[in-house]
Amino acid sequence: MAEPKDEHLLDVVNLVKYFPVTAGVMRRKVADVKAVDGVSFFIRKGETLGLVGESGCGKTTTGRCILQLHEITGGKVYFQGTDLTRIKGKGLKGMRRNMQCIFQDPYASLNPRMTAGDIIGEPMVVHNLYKGQEYKDQVAACLRMVELEPYMASRYPHEFSGGQRQRIGIARALAARPSFIVCDEPVSALDVSIQSQIITLLMRLRKELSLTYLFIAHDLSVVRHISDRVAVMYLGKIAEISRSDELYDNPLHPYTQALLSAVPIPDPKVDRQRKRILLTGDVPSPVNPPSGCHFHPRCHVAMEECWKREPDLLDRGGAHWEACHRG
C-alpha cells in the first residue's frame, strides 16, 4: 500500500498476535490461537478506517495491539512515524496520551465507584495535565462536548442511561486531547435510535477536533455512515480494503459480497431482486486455520488453488485491495 508516509498517522505492518494454548498440570504450550496473522494497513490523518468482520475474526485484538494493550507476537506499529513496539515505560505513557479507546460496553467500562467527573478526569490526572479549578473546567468542557450538562459530573454510572454512559466513555477518551481514537464497537450495545445519535456525535467530534478513528464494528450498515475507507477482516487476516463507497458499490472478495448481501434493505422490491449469498458452516478455529485461503471452506466460488496457496493482498486498481485468487 505505497503512498507518502507523511500523510499517515498510523501504519500497521504485518501485525501478528498469537495467544498460547496450554494444557496439563505443568501448563505446557500445546498450540497457538492465531488471533491476528499478518495484518497490514494505514490510516491517514483525519481519516476514519472501518474494520469489520464476524465475531472472533481479530478486530478487537488488532485495536488492542495498536494501543499496546497486548504485547504483539510480530510486526510493527508506527504512530506518527514512531515504532510503538520499541517504546517502553514513560515513553509509551507519553505516546498513549495521543491514543485513546472508546470501549464496547458502556456498563462494564465505567467504574461504578467513581463519579462521572472522576471517570472523565482520570486521564488528566494520569498525564498530569490539569489541577484545581482548571481541572474542573476541563471536565465540564468534556461533558459539554458530548452533549451532557456539567452538573452531571457528580453522578454515578448507575444514574445514567446506556447512551449517556457511552457519552461519558467518549468524554473520557477526549479528556487527554488525543489525535487518534480506537472506537471498539461503540454502538453495538445500544438501541438503534441511540446508535444514530452516537455516530452523529463521533462524526461531529472528528470534524471539530481533527480526530482520526479506527472504527471497529460487525454491522456494515453502521460502518458505512462514518468511514472513509473500510477493511474487511476474516480469521485474523485482511480480505479486502477500499474506499467506503467503492467497497459497498463494488465488493470484490466473496466474503465481502456475502456480508453485504445480508445487510437489510428497507425497500422490499430492491431486497427481493438482489442475490443472497449464504455462507455454509461455521468460522474455522483460529487454533488450526485452513490451509491456503482461510475462507475457502465457506466460499461459494472456491477453486483448487484456494486451499493450496494463501492469496496476497493486491491492489485491483483505484486503491481497492483484495486477497483472492480469482482477482
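Sequential numbering from 337 applies to the sequence shown in the numbering used here. The beta-carbon is built from N, C-alpha and C at its ideal position, and this holds for glycine as well. A quick note: this is a predicted structure, and the numbers were derived from the prediction, not measured.
Is the beta carbon of residue j closer than 8 Å to that of residue i?
i, j, result
"PHE516", "LEU387", "no"
"GLY623", "ALA371", "According to the sequence displayed, residue 623 carries Val and not Gly. No, the pair does not count as a contact, with Cβ atoms beyond the cut-off."
"PRO356", "GLN440", "no"
"LEU541", "MET481", "yes"
"ASP687", "SER524", "Limits of the chain in this structure are 337 at one end and 663 at the other, which puts residue 687 out of reach."
"TYR492", "THR451", "yes"
"HIS494", "LEU588", "no"
"VAL369", "GLY410", "no"
"PHE377", "ALA553", "no"
"SER627", "TRP643", "yes"
"LEU571", "VAL619", "yes"
"LYS664", "GLU343", "Any answer about residue 664 is impossible in this case: the structure gives the chain only from 337 up to 663."
Comparing the CB of residue i with every heavy atom of the ligand FMN, is any distance shorter than 7 Å?
i, result
"ASP373", "As presented, the structure is devoid of all ligands, the ligand FMN included, so that no description of it is given."
Does residue i pass the burial test, meaning 16 or more other C-beta atoms within 10 Å, or should it be called exposed?
i, result
"TYR443", "exposed"
"LYS602", "In the sequence as presented, Lys is not what sits at residue 602; that position holds Pro. Counting Cβ neighbours within 10 Å, PRO602 comes out exposed, since fewer than 16 surround it."
"SER546", "exposed"
"SER445", "buried"
"HIS630", "buried"
"SER578", "buried"
"VAL518", "buried"
"TYR591", "buried"
"GLN500", "buried"
"PRO600", "exposed"
"ALA489", "buried"
"ASP373", "buried"
"PRO448", "exposed"
"VAL528", "exposed"
"PRO340", "Low confidence applies here, because PRO340 scores a pLDDT of 46, under 50, leaving its location unreliable; read the following figure in that light. It counts as exposed."
"GLN436", "buried"
"PRO625", "buried"
Quick one: what's got a C-beta closer than 8 Å to residue i's C-beta in the same chain, skipping five residues either side?
i, result
"MET639", "HIS661 and ARG662"
"MET569", "VAL375, LEU387, VAL388, GLY389, CYS393, GLY394, LYS395, THR398 and ALA575"
"GLN474", "GLY457, MET460, LEU465, TYR466 and ALA511"
"GLY653", "none"
"ALA359", "VAL366"
"ALA476", "PRO486 and ALA489"
"GLY498", "PRO442, TYR443, ALA525, LEU526, ASP527 and ILE530"
Keeping to the same chain, check which residues put their C-beta closer than 7 Å to that of residue i; ignore five residues upstream and five downstream.
i, result
"ASP648", "ALA659"
"ILE613", "GLN593, ALA594, SER597 and HIS636"
"THR384", "ARG542, TYR549, PHE551, ILE562, SER563 and ASP564"
"ASN434", "PRO514, SER515 and PHE516"
"VAL558", "VAL523, GLN531 and ILE535"
"THR616", "ARG634"
"ALA338", "A caution first: ALA338 carries a pLDDT of 45, below 50, which makes its placement in the model unreliable, though a value can still be read off. Nothing listed; no residue qualifies."
"GLN416", "LEU345"
What residues in its chain sit with their C-beta under 6 Å from that of residue i, if we drop five residues either side in the sequence?
i, result
"TYR414", "ASP347"
"ALA503", "Reading off the sequence, residue 503 comes out as Arg, not Ala. Excluding positions up to five away in sequence, the list reads VAL482 and LEU484."
"ILE506", "ILE438 and VAL482"
"ASP419", "LYS412"
"CYS645", "Looking at the sequence shown, residue 645 is not Cys but Arg. Correct list, in chain order: GLY628."
"HIS463", "ARG433 and ALA512"
How far does the beta strand (DSSP E) with residue i in it extend, from its first residue to its last?
i, result
"GLY410", "410 to 415"
"GLY359", "It is worth fixing the name first, because residue 359 is Ala in this sequence and not Gly. Looking at the DSSP string, the run of the beta strand (DSSP E) that includes ALA359 is 344 to 359."
"TYR549", "548 to 553"
"LYS429", "Element bounds for LYS429: not the beta strand (DSSP E) but the alpha helix (DSSP H), 425 to 432."
Starting from residue i, trace the alpha helix (DSSP H) both ways and give me its first and last residue.
i, result
"GLU390", "Careful: GLU390 lies outside any alpha helix (DSSP H) and carries neither H nor E."
"ALA509", "498 to 510"
"LYS672", "Residue 672 lies beyond the stretch modelled for the chain, which goes from 337 to 663, so this question has no answer here."
Enumerated in chain order, which unbroken segments of the alpha helix (DSSP H) with a length of 4 residues or greater are wholly contained in the region 550 to 602? 556 to 562, 580 to 585 and 590 to 597
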